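These notes are about the structure you will find just below.
Numbering (the numbering used here), first residue to last: 31 to 221.
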């Protein structure tokens, strides 16, 4: 259950202000149909994060050893630095739309925009760290939904409740904490 809770928390916080959340706001403003947008986000995230968690799981199987544990620690610390960098909406991703319908447009756009995104990279690292595809994918998907459902319903007004600067700092602190935790484990301090 730890993998579910940590994955949910990490991604829910990291997703706030992320380009996929901005995409959710753009799609909600453009289509004004929240249910198919939310379902598209869910399907795209489940597929993308299941693949990412699987990649992390297999990579950790293939690359076990002390240096790999340190690589996981460093990847979380790098994610802490990356979380501090603001994302911008990518209008090209939201531009190719209505001929496919709201659900399919959202599913395709989210799947593609999430590729190489910090939440996908975090999912790979979490899959490697916890070695549990199902719970990590479920947790990261839940985290994405926690962050994106309000974005769909509230749009840009949601960003006025909590300034994104503070959310990015909070995400960076969580990633840094996970990195330090992984480094302490890699150093063998909790044996």
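In this text, a Cβ means the ideal position worked out from N, Cα and C, and glycines have one as well. Here the structure is a predicted model, which is why all the values come from computation and not from measurement.
Once DSSP output is grouped into helix, strand and coil, what is the label at residue i?
| i | result |
| --- | --- |
| residue 102 | helix |
| residue 122 | Unreliable placement is indicated for residue 122, whose pLDDT of 43 sits below 50; the coordinate value is still reported in the next sentence. Three-state DSSP puts residue 122 in a helix. |
| residue 216 | helix |
| residue 210 | helix |
Between which two residues does the alpha helix (DSSP H) carrying residue i extend?
| i | result |
| --- | --- |
| residue 130 | Note, residue 130: premise wrong, no alpha helix (DSSP H); not H, not E. |
| residue 145 | From DSSP, residue 145 is part of no alpha helix (DSSP H); its letter is neither H nor E. |
| residue 39 | 32-45 |
| residue 229 | Since the displayed the chain opens at 31 and closes at 221, residue 229 lies outside it and no answer follows. |
| residue 169 | 163-184 |
| residue 49 | 49-61 |
Would you please state the rounded distance, in angstroms, between the beta carbons of residue i and residue j? I believe it to be under 8 Å.
| i | j | result |
| --- | --- | --- |
| residue 158 | residue 70 | So it is not a contact: roughly 28 Å between Cβ atoms. |
| residue 34 | residue 204 | With 8 Å as the limit, residue 34 and residue 204 do not qualify as a contact, their Cβ atoms being about 15 Å apart. |
| residue 67 | residue 182 | 5 Å |
| residue 170 | residue 153 | 5 Å |
| residue 231 | residue 155 | Residue 231 lies beyond the range of the chain shown here (31 to 221); nothing can be said about it. |
Report yes if the C-beta of residue i is less than 7 Å from at least one heavy atom of the ligand SAH; otherwise report no.
| i | result |
| --- | --- |
| residue 132 | Inclusion of the ligand SAH in the displayed structure is not the case, the ligand content being empty and no account of it being possible. |
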